[in-house]
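K.L.:
Chains as they are written, first to last, in the working numbering: chain P, 62 to 241; chain S, 82 to 568.
1) Ordered along the chain, which non-local residues of its own chain (more than five positions away) have a Cβ less than 8 Å from that of residue 68 of chain P?
2) Out of curiosity, what's the CA-to-CA distance linking residue 146 of chain P and residue 185 of chain P?
3) Counting only C-beta atoms, is residue 489 of chain S closer than 8 Å to chain P at any point?
4) Within the same chain, show all residues whose beta-carbon is closer than 6 Å to that of residue 217 of chain P, passing over the 5 residues directly before and after it, in chain order.
5) Given residue 380 of chain S, which residues of its chain have a CB within under 8 Å of its CB, disregarding the five upstream and five downstream residues?
6) Ordered along the chain, which non-local residues of its own chain (more than five positions away) have a Cβ less than 8 Å from that of residue 258 of chain S?
7) How many angstroms separate the CA atom of residue 134 of chain S from the CA atom of residue 145 of chain S?
8) If we ignore side chains and look at the alpha-carbon of each, how far apart do residue 539 of chain S and residue 341 of chain S end up?
9) Which residues in the same chain as residue 62 of chain S place their Cβ atom closer than 7 Å to its Cβ, once the five residues preceding and following it in sequence are excluded?
10) Any idea which residues DSSP pairs residue 230 of chain P with across the strands?
11) If contact is defined by three or more beta carbon pairs under 8 Å, each pair taking one atom from either stretch, is the segment 371 to 388 of chain S in contact with the segment 293 to 307 of chain S?
12) Would you mind telling me which residues of chain S sit closer than 9 Å to residue 219 of chain P, beta carbon to beta carbon, in chain order?
13) In the DSSP assignment, find the alpha helix (DSSP H) that holds residue 263 of chain S and state where it starts and stops.
14) Cutting at 6 Å between CB atoms, please list the residues of its own chain near residue 449 of chain S, excluding the five before and the five after it.
15) Taking only beta-carbon positions, decide if residue 80 of chain P is within less than 8 Å of chain S.
16) Where residue 486 of chain S and residue 159 of chain P are concerned, what is the direct C-alpha to C-alpha distance, given to the nearest angstrom?
17) What residues are listed by DSSP as bridge partners for residue 388 of chain S?
18) Compute every distance between the C-beta of residue 95 of chain S and the non-hydrogen atoms of the ligand ATP, then say whether any falls below 7 Å.
19) In chain P, which residues lie less than 8 Å from residue 525 of chain S when you measure between Cβ atoms?
20) From the DSSP output, which residues share a beta bridge with residue 167 of chain S?
21) Count the other CB atoms, across all protein chains shown, that sit within 10 Å of the CB of residue 127 of chain S; report buried if there are 16 or more and exposed otherwise.
22) Counting only C-beta atoms, is residue 84 of chain P closer than 8 Å to chain S at any point?
23) What number of angstroms, rounded off, separates the C-alpha of residue 124 of chain P from the C-alpha of residue 334 of chain S?
24) Within a Cβ cutoff of 6 Å, which residues of the same chain sit near residue 166 of chain S, ignoring the five residues on either side of it in sequence?
25) Compile a chain-ordered list of the residues in the segment 177 to 194 of chain S whose CB is closer than 9 Å to at least one CB of chain P.
26) Among S/392, S/406, S/391, which residue has its Cα nearest to the Cα of residue 398 of chain S?
27) Using a cut-off of 8 Å between C-beta atoms, extract the partners of residue 170 of chain S located in chain P.
28) Within the chosen definition, does the segment 202 to 219 of chain S reach the segment 317 to 325 of chain S through at least 3 CB pairs nearer than 8 Å?
29) Would you decide whether residue 505 of chain S is buried or exposed? Buried here means 16 or more other CB atoms lie within 10 Å of its CB.
30) Rounded to whole angstroms, what's the CA-CA distance from residue 349 of chain S to residue 219 of chain P? Just pull it up for me.
31) Hey, quick one: how far does the beta strand (DSSP E) through residue 504 of chain S stretch, first residue to last?
32) Taking Cβ to Cβ, would you say residue 434 of chain S is nearer than 8 Å to residue 400 of chain S?
33) If you draw a straight line from the alpha carbon of residue 493 of chain S to that of residue 517 of chain S, how long is it in whole angstroms?
34) Just the Cα atoms here: how many angstroms apart are residue 308 of chain S and residue 276 of chain S?
35) State the beta-bridge partners of residue 165 of chain P as determined by DSSP.
36) Across which residues does DSSP place residue 460 of chain S in a beta bridge pair?
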């Protein structure tokens, strides 16, 4: 994303937008925020997701064990902490078609590395983590083995998932919910 | 000194709502104390003591707040009748010199605590019978009104008013069960004359006012196909004072010649909605849906008050659901949000401009929501703080997908609103650019029909002609409906 001073320059029409703007005020083009790629420190206590997700995800018995998945993108070193309270869509954001993945690989060079817009989904069931390929163009690999689309594959802490040619190491953290 | 016991539900003890005001609490206490006082014949010293304890705590603002907090921490607090959900576009902003943009999404939802009261409707239908209504339009309106009378509960009230240059009460407010009288009134509806909305509106408001009470849902529905000239201000003033008295106004525009800016303002002041009816056959459905929506009213007169930190400004306030609308551009006045209907959350998006501050977490805004419960007119208040952290180098944050999706749709609506504003200021070139962008985005989203409507207007503008009223209304009312269906 081109940045002039601290303003965001729209790649489509060249209009200047305030930092933090999501869609160009002049032409409505999506402006991926964040600027240049850099290694990202691990989000602090509250995690990388808004607090409301925790609330909605809490089990009815109140004894909710939260599973957080920390994704380490191996080529850029970016680390993202995601709550697995809900299904995580892995892909590339396409606002025009209403695709808003929880794990958006746009800024990591997802397009060049063959990540589909709707590539795979990650979810937990009974405390275990699963990945399911959504019939992506370039496939999903679990520890270098290609998985069959639409079938759940369990993965564990430290396993490497590859979406297209993009490798990510998955770290699974299990903890108690903080009282929200 | 009063001891607080968070395990006791003092609200329950006094049989008041957790949102009850000072006077309600005092009244409840007095009634109970009189009944339970040990000196009376059926006095109950034990309950009397508890009632007294409850009152001692709830009467005092500081004690009550402390009690509420302790209850909340123990998960004992009763569910509020309206819940607020909030999502920010990012939790932290950098301490750079540049002004930062922050999006705040709010969703107001009725919790199970609020149930639709079995309220009676008290309606007036104000029908335009100007010359332009002649023929198919009038036939369809007559059918729709007949249908409406039949779909009302026999005890609901309805008044029928026709207006052209002057207003005529075809049927004064009466229970809907009197179908024969309404049939005669509908038959008397004949086109002729001009369009002067204020007269009709005034007569409709008077009819509704006559039978308005706290437990009825009082609403005027205006049905017009034309423009009114010179009496807009009078109509808006009437709408505003009607709202203050608990009356609502909705406006339905038929065809393409009516003034959308005016009807939108009228409905906004009146706490109702505007509908664009492009095919006259739809009158019936729109009317029927409106009645259903009114019956599901849970709370009236929702208002939003914003208290901003000195380094934060509002760029714009939008309604994002149930339909999109520009609500305002400043925080100086309370924003009217209208009615809360069951199963239909009200969503609001704030665009905040934030100036850099020193490192640390700060409250940049306090949001206060006020409303009245339908049926009882019991006042309700709730508030929400907006907090963000100013950081040297905030970590890259993924915008919550849900928020992104909403802002994405809202931006299409914004662009076409900007196009019409540019056009009003005579900047055709700018307006054309905006509309082209709108068309592109609409085609991307798969809204082909709307995209074509935008392209047609772009074509007209670039040839130097004016946009069509039809195209403008299609786009305005089409893009405002690009909301995400609530689950």
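Even for Gly, the Cβ is constructed at its ideal location relative to N, Cα and C.
P.N.:
Checking against the coordinates, here is how it stands:
1) On the first chain, residue 68 of chain P is found 7 positions in, with the first residue counted as 1. Excluding the 5 residues flanking it on each side, residue 68 of chain P has same chain C-beta neighbours closer than 8 Å at 77, 78, 79, 80, in chain order.
2) Translated into the one-based positions of the first chain, residue 146 of chain P becomes position 85. Translated into the one-based positions of the first chain, residue 185 of chain P becomes position 124. Residue 146 of chain P and residue 185 of chain P have their C-alpha atoms some 8 Å from each other.
3) Position 408 of the second chain holds residue 489 of chain S. For residue 489 of chain S, the answer is yes, since a Cβ of chain P falls inside 8 Å of its Cβ.
4) In the first chain, the residue the question calls residue 217 of chain P occupies position 156. Sequence-distant partners of residue 217 of chain P (beyond 5 residues in either direction) whose C-beta falls short of 6 Å from its own C-beta are missing from its chain.
5) Stepping through the second chain from its first residue, residue 380 of chain S is reached at position 299. Excluding its 5 nearest sequence neighbours in each direction, residue 380 of chain S has C-beta neighbours in its own chain below 8 Å: 162, 163, 191, 195, 420, 421, 452, 453, 454, 455, 461, listed in chain order.
6) In the second chain, counting from the first residue as 1, residue 258 of chain S sits at position 177. If we look at residue 258 of chain S and ignore the five residues flanking it on each side, its Cβ neighbours are 235, 236.
7) Residue mapping note: residue 134 of chain S aligns to position 53 of the second chain, counting from 1. Residue mapping note: residue 145 of chain S aligns to position 64 of the second chain, counting from 1. Each residue's alpha carbon lies about 12 Å from the other.
8) By 1-based counting over the second chain, the position of residue 539 of chain S is 458. By 1-based counting over the second chain, the position of residue 341 of chain S is 260. In this model, residue 539 of chain S and residue 341 of chain S are separated by some 20 Å (Cα to Cα).
9) This structure does not reach residue 62 of chain S, given that chain S is present from 82 up to 568, and the question cannot be answered.
10) Looking up residue 230 of chain P in the first chain gives position 169. By DSSP's assignment, residue 230 of chain P forms a beta bridge with P/133, P/221.
11) Yes, since at least three Cβ pairs between the segment 293 to 307 of chain S and the segment 371 to 388 of chain S fall closer than 8 Å, the two stretches touch.
12) As a working mapping, residue 219 of chain P is identified with position 158 in the first chain. Near residue 219 of chain P there are no residues of chain S at all, since even the closest Cβ is about 23 Å away, more than 9 Å.
13) Position 182 of the second chain, counted from the first residue, corresponds to residue 263 of chain S. It spans 260 to 268 - the alpha helix (DSSP H) in which residue 263 of chain S sits, taken as one unbroken run.
14) Locating residue 449 of chain S in the second chain gives position 368, counting from the first residue. Excluding the 5 residues flanking it on each side, residue 449 of chain S has same chain C-beta neighbours closer than 6 Å at 386, 464, in chain order.
15) Translated into positions along the first chain, residue 80 of chain P becomes position 19. With a threshold of 8 Å between beta carbons, residue 80 of chain P makes contact with chain S.
16) Residue 486 of chain S sits at position 405 when you count from the first residue of the second chain. Residue 159 of chain P sits at position 98 when you count from the first residue of the first chain. Approximately 7 Å between the Cα atoms of the pair.
17) Walking along the second chain from the start, residue 388 of chain S turns up at place 307. Per DSSP, the beta bridge partners of residue 388 of chain S are S/447.
18) Inclusion of the ligand ATP in the displayed structure is not the case, the ligand content being empty and no account of it being possible.
19) Looking up residue 525 of chain S in the second chain gives position 444. Within chain P, the residues near residue 525 of chain S are 157, 158.
20) Stepping through the second chain from its first residue, residue 167 of chain S is reached at position 86. In the DSSP output, where bridge partners are listed per residue, residue 167 of chain S has S/187.
21) As a position in the second chain, residue 127 of chain S is number 46, starting the count at 1. Per the 10 Å Cβ criterion, exposed.
22) Locating residue 84 of chain P in the first chain gives position 23, where the first residue counts as 1. Closer than 8 Å to some Cβ of chain S, the Cβ of residue 84 of chain P qualifies, so yes.
23) In the first chain, the residue the question calls residue 124 of chain P occupies position 63. In the second chain, the residue the question calls residue 334 of chain S occupies position 253. Note that residue 124 of chain P scores a pLDDT of 44, beneath 50, so its modelled location is shaky; the value from the coordinates is reported in the next line. Each residue's CA atom was taken as its position, placing residue 124 of chain P and residue 334 of chain S some 54 Å apart.
24) If you number the second chain from 1, residue 166 of chain S lands on position 85. So the list reads 188, once near-sequence residues are dropped.
25) Those would be 177, 178, 179, 180, 181, 182, 183, 184, in chain order.
26) Counting from 1 along the second chain, the entry for residue 398 of chain S is found at position 317. The option with the nearest alpha carbon to residue 398 of chain S is S/406.
27) Along the second chain, one-based indexing puts residue 170 of chain S at 89. Near residue 170 of chain S (Cβ distances below 8 Å), the residues of chain P are 81, 83.
28) Not touching, per the Cβ criterion.
29) Stepping through the second chain from its first residue, residue 505 of chain S is reached at position 424. Exposed, since its Cβ has fewer than 16 Cβ neighbours within 10 Å.
30) Locating residue 349 of chain S in the second chain gives position 268, where the first residue counts as 1. Locating residue 219 of chain P in the first chain gives position 158, where the first residue counts as 1. Looking at the two C-alpha atoms, the distance is approximately 56 Å.
31) For the purposes of this step, residue 504 of chain S is identified with residue 423 of the second chain, where counting begins at 1. Careful: residue 504 of chain S lies outside any beta strand (DSSP E), inside the alpha helix (DSSP H) at 482 to 505.
32) For the purposes of this step, residue 434 of chain S is identified with residue 353 of the second chain, where counting begins at 1. For the purposes of this step, residue 400 of chain S is identified with residue 319 of the second chain, where counting begins at 1. If you check the CB distance, residue 434 of chain S and residue 400 of chain S do not come in under 8 Å.
33) Position 412 of the second chain, counted from the first residue, corresponds to residue 493 of chain S. Position 436 of the second chain, counted from the first residue, corresponds to residue 517 of chain S. Straight-line Cα distance between these residues: approximately 11 Å.
34) Sequence index remark: in the second chain, residue 308 of chain S carries index 227 (1-based). Sequence index remark: in the second chain, residue 276 of chain S carries index 195 (1-based). Cα atoms of residue 308 of chain S and residue 276 of chain S: separation of roughly 7 Å, rounded to the nearest angstrom.
35) Here residue 165 of chain P refers to the residue found at position 104 of the first chain. Beta-bridge pairing links residue 165 of chain P to P/152.
36) Translated into positions along the second chain, residue 460 of chain S becomes position 379. S/453.
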